[in-house]
Amino acid sequence: MKFTVLTLFPEIFELYLNQTIIQRAVDMGIVTYEIVNIREFSGNKHGQVDDTPFGGGAGMVLKPEPYWNYFKIKNAENPKKPFVIFVTPQGIPANQNIISDIAEKEDVVLISGRYEGLDQRVIDNFVDMEVSIGDFVLSSGDLPVLCLMDSVIRIKDGVIKKESFETDSFYNGLLGFPQYTKPAVIEGVEVPEVLTSGHHKKIDEYRLLESLKKTCKNRPDLLEKKIKEDENFRAVWEKYKKEIEL
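Numbering (UniProt numbering), first residue to last: 1 to 246.
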């Protein structure tokens, strides 16, 4: 799988992308990435990539020419179109299903936005999906792009153990259960006894119950969605709901 990032600030990416899990995926040949300074495709001697918006208004808008030039060159090199994602607060909310879908792609281009946004003609002509990482606004799309890359790469086969991400929050539609490690007691505060019992069935049941409690408390919307859409889960919920403080 290849990622290509179109950004104005390529230096932001190098430090993070060299960290353990992502670098491991690169070293194993599972993923590759290229960070492109889109300013190099501006087509003007000053490297200008932004201009004032038609119709007036505050701020600046990313010009279409750099992206037009980039995709024309890429298409000439390889007619097979990559899957292009524009990371923007106006996109559809990212979730684990979307991350899993992206992980199935072979060639993904991520456009990192800046200023007041990207000329709509670029989105209409080249972008396959607009994605948001949450209902808030950042100064640029660079951090959200890194979030998407990290979340996709970690679930690629061979990067980490499958059982590691299968217990992640959202993987099964619920939040994850609380985790504990050594020591078993710190200043009189103990780890729940069941986790040191060695009784795996009871441990699994405890973790499920705690996952349900946390989801009910912090993300009731996820719980409602799971109950509505998952027939098998409804039976599980009926079994445990009386033990959860609603």
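Each residue gets a CB set at the ideal place from its N, CA and C atoms; glycine is no exception.
For clarity, every value in this text was computed on a predicted model and none was experimentally measured.
Is residue i near residue j, with beta carbons less than 9 Å apart?
i           : j       : result
Glu-130     : Val-61  : no
Leu-6       : Ser-112 : yes
residue 249 : Ala-25  : Absent from the model: residue 249. The displayed extent of the chain is 1 to 246, so no value can be given.
Phe-13      : Leu-146 : yes
Val-152     : Pro-89  : no
Asp-222     : Gly-188 : The sequence as given places Leu at residue 222; Asp does not occur at that position. The answer is no: Cβ separation not under 9 Å.
Phe-177     : Lys-214 : yes
Ile-30      : Lys-161 : no
Val-108     : Ile-73  : no
Closest to residue i by CA distance: which of the options is it?
i       : options                             : result
Ser-140 : Lys-2, Asp-204, Lys-228 and Leu-118 : Leu-118
Ile-22  : Asp-150, Asn-37, Phe-3 and Leu-209  : Asp-150
Ile-98  : Leu-148, Glu-243 and Leu-110        : Leu-148
Lys-105 : Ile-92, Ser-197 and Phe-83          : Phe-83
Tyr-70  : Lys-217, Ile-244, Phe-54 and Val-49 : Val-49
Which of the three DSSP states, helix, strand or coil, is assigned to residue i?
i           : result
Arg-234     : helix
Gln-23      : helix
Gln-120     : helix
Ser-42      : coil
Lys-72      : helix
Lys-81      : coil
Tyr-33      : strand
residue 256 : Because residue 256 is not part of the residues shown, which for the chain are 1 to 246, the question remains open.
Val-191     : coil
Pro-66      : helix
Ile-155     : coil
Ile-99      : helix
Ile-160     : coil
Residue i: buried (16+ other C-beta within 10 angstroms of its C-beta) or exposed?
i       : result
Ser-211 : buried
Pro-220 : exposed
Arg-114 : buried
Phe-28  : Per the sequence shown, residue 28 should be read as Met rather than Phe. By the neighbour-count rule (16 or more Cβ atoms within 10 Å), Met-28 is not buried but exposed.
Asp-135 : exposed
Val-194 : exposed
Tyr-67  : buried
Lys-241 : exposed
Tyr-133 : First, the residue type needs correcting, since residue 133 is Ile and not Tyr in the sequence shown. With 16 or more other Cβ atoms within 10 Å, it is buried.
Asp-124 : exposed
Using DSSP's beta-bridge definition, name the partner residues of residue i.
i       : result
Ser-140 : Arg-114
Phe-86  : Ile-111 and Glu-130
Pro-220 : DSSP output for Pro-220 lists no bridge partner at all.
Thr-4   : Glu-34 and Val-109
Between residue i and chain D, is any beta-carbon pair separated by less than 9 Å?
i       : result
Gly-158 : Within the model displayed, chain D is absent; a lone protein chain is all it includes.
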